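Numbering (our numbering) for the sequence shown: 7 to 88.
The beta-carbon is built from N, C-alpha and C at its ideal position, and this holds for glycine as well.
All values reported here derive from a predicted model rather than from experimental measurement.
Reviewing the structure listed below.
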Amino acid sequence: DKEAYERSKQTPGNLRGDGFQLGGQYVISKEGKIILEHKQKLFGDDAKLTDIFDALEKCLSKENGHKRNTVDHQDTSRQATS
């Protein structure tokens, strides 16, 4: 829309982007340790949600000094949709 276009003219940089740039997912602890690193090899190549949940649980259990309750990673209601 016109309003978004006007705002984009005030933003420095190239908003067109690089259509071939791949992303990734990271989970980093408060101490700066990389718990999970997943770099995309192809578009849509995302980290498994179970791996992300496990990494987050690992961070939280270290932070709280004990093992957290396990999460049912098969619960499809928590899975992202495309």
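Item, Value
"Cβ shell of R13 (< 6 Å), same chain only, five flanking positions each side left out", "none"
"Collapsed DSSP secondary structure at E9 in the structure displayed", "helix"
"Per DSSP, the bridge partner or partners of Q46", "Paired residues: none, contrary to the question."
"G30, enclosing beta strand (DSSP E) - first and last residue", "30-34"
"Beta-bridge pairing of I2 - partner residues as DSSP gives them", "Residue 2 cannot be examined here, being either before or after the span of the chain that is shown, 7 to 88."
"Same chain only: Cβ atoms within 6 Å of E43, ignoring 5 sequence neighbours per side", "Y32"
"Through-space distance from R22 to L28, alpha-carbon basis", "15 Å"
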